[in-house]
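Visitor: Chains as they are written, first to last, in the working numbering: chain A, 1 to 306; chain B, 1001 to 1306.
Beta carbons are placed, not taken as given, at the ideal position from N, Cα and C, and that holds for glycine.
Please see the structure below; I have some questions.
See the structure below:
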């Protein structure tokens, strides 16, 4: 028998359903539903909730209500409410909306960067210098999110060095936390470990987070594998929001309920009440008029109904 | 960084969709569809396919066509076609149908055994003595399947000693392979490792297999964790057959496509062509009139369609 790697004793789960999740849902979700969702999630015990995105509503209509949401949610002391900020205009909006953390972003894939924002990775990150400085000046937390760190829809493989390079750039901008994201959900466990280890050579291990999508069903295995190399922050989305599981090319975030169920079984502390999360998942799934995409959530709900 | 446990270089995937999977589907599947499914799976490269169950058709109407299926499939040399045999009558039927392997079964949960077959675990396994001897006498492979090894719907926790005890009884009956099954899909990775390590104290490590259901979304993480302790045989079901993902209390087997995708990524050899499995999954899902439950299968099919 092999000796097992030890796991972190506790992890932080960043709930990204209200932003990364809902942003990718086709149906328009009104502000009051989002507010209720965020409040339910805060009451479940999340320390960090991605609640808003101050991008142009022309690009992302679903996020047009971000200010309304941030204004109306019941702020729970100690909870970090995050907002995506693509530029200084977005930063000013996030500041006005009293975001606790702003999120800047870049890709580890040169092809993805060129195709999506028509500039190099290096240029795209340099553009965030103003936002990063303003965040620091205003005492806001700064998070950097790196997409396509495990694979790219355009170029396929993404070199480990490219990931490390972007991590270094995010670090140099002063990020407090850096997300290593599998945007298209293609990673497998040993690859995950290799990428995380390479990222950890460029940034504090306890400041790195894993953001996995369940496109190929690998997300939970990748989270477990990440923990084996010491990663202790993970993103997840209540009820697997973000890409309908019944639609072509579904690319939902890993479901929070599945992650919490695993953490419970592993004896890893999260500080989050799974039952309240299951309720929140039922709430938003009912609004969207479909069964949730969390297997644990559905199993727990079915058990309750019996 | 922790030192990682090494993984097996190759694994055997036992495709259980045509039996364990379809048996739990409500819709009646005619023999010709099953035959086509088994033939497609054999052509994909599986070494072992669970194709039939010689139980009373009164109990399991879906399996009433088992003889027709076994008679009509194209036997691919080297492939082991397995059949469940609850008793000597079932064994005789399996022998007549030219099964290569017969499967006997018991539970690791005393409560489950009493509730389902009204006798103790020990008694239930002793009843298989005749089948076990007949299998040996006729040169058939003998597999023992242990249900509820990670949890029970009636008694909850299942002691490690109870698993080890049943493994020992199956071993003493002469089993060539013993399945450690998470019938209700409740296991998490470290528990999985603890159960597998305990089972391996009672039987050859290379004769143990992991049989996981994805009820709580944990199956793939559990398979990965099992590999870390040296398990190299896994059961899976094409397209996640066995319990509709859209129904209450869904309890499908882990999807073969998701397992194969992970193995490919891990560089672990299976000898199986994932593309042919995806086709087989589309074939049976179309027959059942629903989207398959394999995330990798759906993602690959969507990618092809683009």
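1) Could I get the ranges of all uninterrupted alpha helix (DSSP H) runs contained in the stretch 1114-1183 of chain B, with 4 residues as the minimum, in chain order?
2) Taking residue 1070 (chain B) as the query, report the chain A residues whose CB atoms sit under 7 Å from its CB, ordered along the chain.
3) Using a Cβ-Cβ distance cut-off of 8 Å, determine whether residue 1282 (chain B) contacts chain A.
4) State yes or no: is the beta carbon of residue 265 (chain A) nearer than 8 Å to at least one beta carbon in chain B?
5) Under 8 Å, CB to CB, which of the residues in the stretch 216-241 of chain A have a partner in chain B?
6) Does the distance from the CB of residue 1081 (chain B) to the CB of residue 1049 (chain B) come in under 8 Å?
7) Taking just the CA atoms, how far does residue 1293 (chain B) sit from residue 1207 (chain B)?
8) Can you tell me the Cα-Cα spacing of residue 196 (chain A) and residue 1176 (chain B), whole angstroms?
9) On the DSSP letters alone, give me the boundaries of the beta strand (DSSP E) that residue 1209 (chain B) sits inside.
10) Alpha carbon to alpha carbon, how far is residue 1113 (chain B) from residue 1107 (chain B)? Give it in angstroms, no decimals.
11) Taking a contact to mean a Cβ-Cβ separation below 8 Å, would you say residue 274 (chain A) touches residue 1190 (chain B) in this structure?
12) So residue 31 (chain A) is in the beta strand (DSSP E); what residue range does that whole segment cover?
13) Ordered along the chain, which non-local residues of its own chain (more than five positions away) have a Cβ less than 6 Å from that of residue 205 (chain A)?
14) For the alpha helix (DSSP H) holding residue 287 (chain A), just list the boundary residues, first then last.
15) Give me, in chain order, the residues of the same chain whose beta-carbon lies closer than 6 Å to that of residue 1225 (chain B); leave out the 5 immediate sequence neighbours on both sides.
16) DSSP state of residue 1246 (chain B), grouped into three classes?
17) Examine the Cβ distances between the stretch 177-184 of chain A and the stretch 149-165 of chain A and report whether three or more of them are shorter than 8 Å.
18) In chain order, what residues of the same chain have a beta carbon less than 6 Å from the beta carbon of residue 1254 (chain B), not counting five sequence neighbours either side?
19) Classify residue 88 (chain A): buried if its beta carbon has 16 or more other beta carbons within 10 angstroms, exposed otherwise.
20) Select from the stretch 1164-1196 of chain B all residues with a C-beta closer than 7 Å to any C-beta belonging to chain A, and list them in chain order.
21) Just verifying my parser: in three-state terms, what is the DSSP assignment at residue 81 (chain A)?
22) Please confirm whether residue 1339 (chain B) has its beta-carbon closer than 8 Å to some beta-carbon of chain A.
23) Apart from the five residues on each side of it in sequence, which residues of its chain come closer than 6 Å, Cβ to Cβ, to residue 300 (chain A)?
24) Going by other Cβ atoms of all chains shown within 10 Å of its Cβ, with 16 needed for buried, is residue 1239 (chain B) buried or exposed?
Guide: Taking the geometry as given:
1) Annotation: the stretch 1114-1183 of chain B contains the following complete segments of the alpha helix (DSSP H) (minimum length 4 residues), in chain order: 1121-1126, 1129-1137 and 1160-1172.
2) Within chain A, no residue comes near residue 1070 (chain B); the closest Cβ sits about 31 Å away, beyond 7 Å.
3) Chain A contact via Cβ: absent.
4) Yes, its Cβ sits closer than 8 Å to a Cβ of chain B.
5) So the close ones are 216, 217, 218, 220, 221, 223, 224, 225, 228, 229 and 230.
6) In contact: residue 1081 (chain B) and residue 1049 (chain B) (Cβ atoms closer than 8 Å).
7) The alpha-carbon of residue 1207 (chain B) is positioned some 29 Å away from that of residue 1293 (chain B).
8) Going by the C-alpha atoms only, they are around 40 Å apart.
9) Annotation: the continuous beta strand (DSSP E) that includes residue 1209 (chain B) extends over 1208-1212.
10) The alpha-carbon atoms of residue 1107 (chain B) and residue 1113 (chain B) are separated by roughly 6 Å.
11) For residue 274 (chain A) and residue 1190 (chain B), no; Cβs fall outside 8 Å.
12) In this chain, residue 31 (chain A) is not harboured by any beta strand (DSSP E); it is covered by the alpha helix (DSSP H) spanning 31-44.
13) If we look at residue 205 (chain A) and ignore the five residues flanking it on each side, its Cβ neighbours are 230.
14) Here the alpha helix (DSSP H) through residue 287 (chain A) covers 274-288.
15) 1189, 1192 and 1193.
16) For residue 1246 (chain B), the pLDDT reaches just 49, beneath the cut-off of 50, and the residue's location in the model is therefore unreliable, although a value from the coordinates is still provided. The DSSP-derived three-state label of residue 1246 (chain B) is coil.
17) Short answer: they touch.
18) Apart from sequence neighbours up to five positions away, the residues of its chain that approach residue 1254 (chain B) with a beta-carbon distance below 6 Å are 1212, 1214, 1219 and 1236, ordered along the chain.
19) With fewer than 16 neighbouring CB atoms inside 10 Å of its own CB, residue 88 (chain A) falls in the exposed class.
20) Closer than 7 Å at the C-beta level to chain A, one finds these residues of the stretch 1164-1196 of chain B: 1188, 1189, 1190, 1191 and 1193.
21) Here DSSP, grouped into helix, strand and coil, assigns residue 81 (chain A) to strand.
22) Look at the range of chain B in this structure, 1001 to 1306, and you will see that residue 1339 (chain B) is not part of it.
23) So the list reads 278, once near-sequence residues are dropped.
24) Burial call: buried.
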